[in-house]
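Participant: Protein sequence lines, in the order shown, are assigned to chains V and L.
Our numbering puts the first residue of the first sequence at 1, with every later residue one more than the last.
Our numbering puts the first residue of the second sequence at 1001, with every later residue one more than the last.
C-beta atoms are modelled at their ideal positions from N, C-alpha and C, and glycine is treated no differently.
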Amino acid sequence: GENVEQHPSTLSVQEGDSAVIKCTYSDSASNYFPWYKQELGKRPQLIIDIRSNVGEKKDQRIAVTLNKTAKHFSLHITETQPEDSAVYFCAATLGDSWGKLQFGAGTQVVVTP
Amino acid sequence: ETGVTQTPRHLVMGMTNKKSLKCEQHLGHNAMYWYKQSAKKPLELMFVYSLEERVENNSVPSRFSPECPNSSHLFLHLHTLQPEDSALYLCASSQDSGRAITPPDTQYFGPGTRLTVL
Chain V
1 GENVEQHPST LSVQEGDSAV IKCTYSDSAS NYFPWYKQEL GKRPQLIIDI RSNVGEKKDQ
61 RIAVTLNKTA KHFSLHITET QPEDSAVYFC AATLGDSWGK LQFGAGTQVV VTP
Chain L
1001 ETGVTQTPRH LVMGMTNKKS LKCEQHLGHN AMYWYKQSAK KPLELMFVYS LEERVENNSV
1061 PSRFSPECPN SSHLFLHLHT LQPEDSALYL CASSQDSGRA ITPPDTQYFG PGTRLTVL
């Protein structure tokens, strides 16, 4: 069926190193791919998103890449800091179903000083 | 943070109780959503309202009943729930451009209601 797979489920990195989270999707009509960060006990918050007509987008230490042919997209966090510790969720629209986002299962990122 | 608010933040109820969750958005958006977040599972979309009309009901059991009286308010009425319904229920809102082929605008989440069904 239609789903979004996210890997890894947990990721431990040393402060200052890079973190990469990968997601794959199955619906070739998906055209919007947001990433959310959820700190413990808090709401998910959008950190970056990418639309299907763009291959890469960067915002300071965070970047997202999209490969539509392979149907995968990745989140890259450089120079990680302890405050980057959180659960990160990727999502993709389900075809042209307006407003319908399908989420990955999440990646628990732990940045150790 | 006052963009999207939810009440109550925590709720404990028995299987025979009737309760309601409330969501309010102060962002001027015209679309609202209910999601269920269970431990170690992806966020599950339950309902979508656009311009106060329900446009999505993602095979949710009838013991969950949504209501959207206007574009700023969204309710989730609960009755005869099961213990497996215990989860964090998140509300979100976004701006619907009205064109299905246009990627949706960002969804902003509320803080959630932590529901425990005994």
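1) I need the boundaries of the beta strand (DSSP E) containing Arg1054/L, first residue and last residue.
2) Would you mind giving the Cβ-Cβ distance between Gly1110/L and Arg43/V, rounded to the nearest angstrom? I have them listed as a contact below 8 Å.
3) For Pro34/V, which three-state DSSP category applies?
4) List the DSSP bridge partners of Ile77/V.
5) Lys1022/L and Gln1006/L look like a contact to me (Cβ under 8 Å); what is the Cβ gap, rounded to whole Å?
6) Rounded to whole angstroms, what is the Cα-Cα separation between Tyr1108/L and Gly1014/L?
7) If you measure between the beta carbons of Asp84/V and Val64/V, is that distance less than 8 Å?
8) Tell me which residues share the same chain as Ser9/V and place their Cβ nearer than 8 Å to its Cβ, disregarding the 5 neighbours each side in the sequence.
9) Would Gly1028/L count as contacting chain V if we go by Cβ distances under 8 Å?
10) Looking at the C-beta of Ala105/V, does it have a partner C-beta in chain L at a distance below 8 Å?
11) At 8 Å on the CB atoms, spell out the chain L contacts of Lys58/V, in chain order.
12) Identify which residue in Leu46/V, Lys37/V and Phe73/V has its Cα closest to the Cα of Val54/V.
13) How long is the line joining the alpha carbons of Leu1051/L and Lys1036/L, rounded to whole angstroms?
14) Distance cutoff 8 Å, beta carbons only. Does Leu11/V sit that close to anything in chain L?
15) Name the two residues that bound the continuous beta strand (DSSP E) containing Arg1114/L.
16) Quick one: list the residues of chain V neighbouring Val1012/L, beta-carbon separation under 9 Å, in chain order.
17) Could you pull out every residue in the same chain whose Cβ sits closer than 7 Å to the Cβ of Ala113/V, ignoring the five residues on either side in sequence?
18) Going by beta carbon distance, what residues of the same chain come within less than 7 Å of His1079/L, once the five residues before and after it are set aside?
19) Can you tell me the Cβ-Cβ gap for Ser86/V and Phe33/V, rounded? I've got them flagged as a contact below 8 Å.
Facilitator: Walking through what the data contain:
1) Taken as a continuous stretch (DSSP letters only), the beta strand (DSSP E) holding Arg1054/L covers Glu1053 to Asn1057.
2) Rounded to the nearest angstrom, the Cβ distance from Gly1110/L to Arg43/V is 6 Å, consistent with a contact under 8 Å.
3) The answer is strand: DSSP assigns Pro34/V an E or B state.
4) Bridge partners of Ile77/V: Ala19/V and Ile62/V.
5) Yes, Lys1022/L and Gln1006/L are in contact; Cβ-Cβ is about 7 Å, under 8 Å.
6) For Tyr1108/L and Gly1014/L, the distance between alpha carbons rounds to 30 Å.
7) No.
8) Cβ within range, chain order: Ala105, Gly106, Thr107 and Gln108.
9) When Cβ-Cβ separations below 8 Å define contact, Gly1028/L makes no contact with chain V.
10) Interface with chain L (8 Å Cβ-Cβ cutoff): Ala105/V is included.
11) In chain order: nothing, as chain L lies at least about 18 Å away.
12) Residue Phe73/V is the option with its Cα nearest to Val54/V.
13) Cα-Cα distance, rounded: 22 Å.
14) So, not an interface residue.
15) First-last of the beta strand (DSSP E) with Arg1114/L: Thr1113 to Val1117.
16) Contact of Val1012/L with chain V by beta-carbon distance below 9 Å is absent, the smallest such distance being about 17 Å.
17) In the sequence as displayed, the identity of residue 113/V is Pro instead of Ala. Within the same chain, Pro113/V has close Cβ partners Glu15 and Pro82.
18) Closer than 7 Å at Cβ, skipping near neighbours: Lys1018 and Arg1063.
19) It is Ala, not Ser, that sits at residue 86/V in the sequence shown. With a Cβ gap of about 19 Å, Ala86/V and Phe33/V do not count as contacting.
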